[in-house]
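Numbering (our numbering), first residue to last: 1 to 276.
First the structure, in the form of structure tokens, and then the observations on it.
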Ligand SMILES: [Zn+2]
């Protein structure tokens, strides 16, 4: 499932690639499967989209946000959540629709923006204000500063692993990078957030920033075969039974908050919790 680094890779490839989506104009819209439009979308009017130009491409958490301008200067936002298996491609128009295509935007210059999603969990929104989808979310996990992170952490008394997955706490972290960040910080995934000592909070904030940055540079992880270009090497996620690369202990897998959770029982042994 794509998380922040994989979504950031999509943003960069569409924005900075050659050709770039920036400046491209939507000539026509092919809504192949209407169910791809979220029920919470303000509107999804093909006529409203036609003629719009892509002015910006950004991301908050796992949401892709395409800033659009129509010929009358009206600003709109096309928001996309890839969920499990969604993918976005810029392709020649003759390749605009394939077997799993749910939406295709035909562009002026012989190209098309194609949204494929075999499992159909991905959604799109056409909205006036991006906060309609990002409003309930915490700060982006790659951008959140230490003070804000530490201050938000004190508001919760929850196991740290499920808290990291809660998009209203910080946005963008999923199961892979939660496990990797806690391993890098040497924190047991069941630790209660409010019990983390100040030095552990600092280590966790630094670990999240480092792990996500490394994964963005590597264009994500190649775990489930969805993002095959990714080359981020995981340390614990999916490695149950294999040796910890630091201490040699077998990596454990347990369930925490209904999610499979991987950790090293030696390197993440809770010595970092406060006793007060
Ligand atoms: Zn270890």
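Beta carbons: idealized from backbone N, C-alpha and C, even for Gly.
Cβ contact annotation for residue 21 (same chain, cutoff 7 Å, sequence separation greater than five): 14, 15, 54, 57, 90 and 113, in chain order.
The segment 66 to 83 makes contact with the segment 111 to 125: 3 or more CB pairs, one atom from each, lie closer than 8 Å. Linking residue 222 to residue 231 through their CA atoms gives a straight-line distance of about 6 Å. For the pair residue 18 and residue 109, the Cα-to-Cα distance works out to about 13 Å. In terms of CA proximity to residue 8, 220 leads the group 49, 243, 220 and 253. Judged by DSSP secondary structure, residue 162 falls outside any beta strand (DSSP E) and instead within the alpha helix (DSSP H) spanning 160 to 165. Checking the DSSP bridge columns, you'll see residue 114 partnered with 89 and 104. Residue burial is scored here from C-beta neighbours: residue 77 has at least 16 other C-beta atoms within 10 angstroms and is therefore classed as buried. Cα atoms of residue 174 and residue 164: separation of roughly 8 Å, rounded to the nearest angstrom.
The beta-carbon separation of residue 79 and residue 103, rounded to 13 Å, does not stay under the 8 Å limit for a contact. Across the set 88, 129, 124 and 245, the C-alpha of 129 shows the shortest separation from the C-alpha of residue 74.
Counting along the chain, residue 242 sits inside no alpha helix (DSSP H), nor does DSSP assign it H or E at all.
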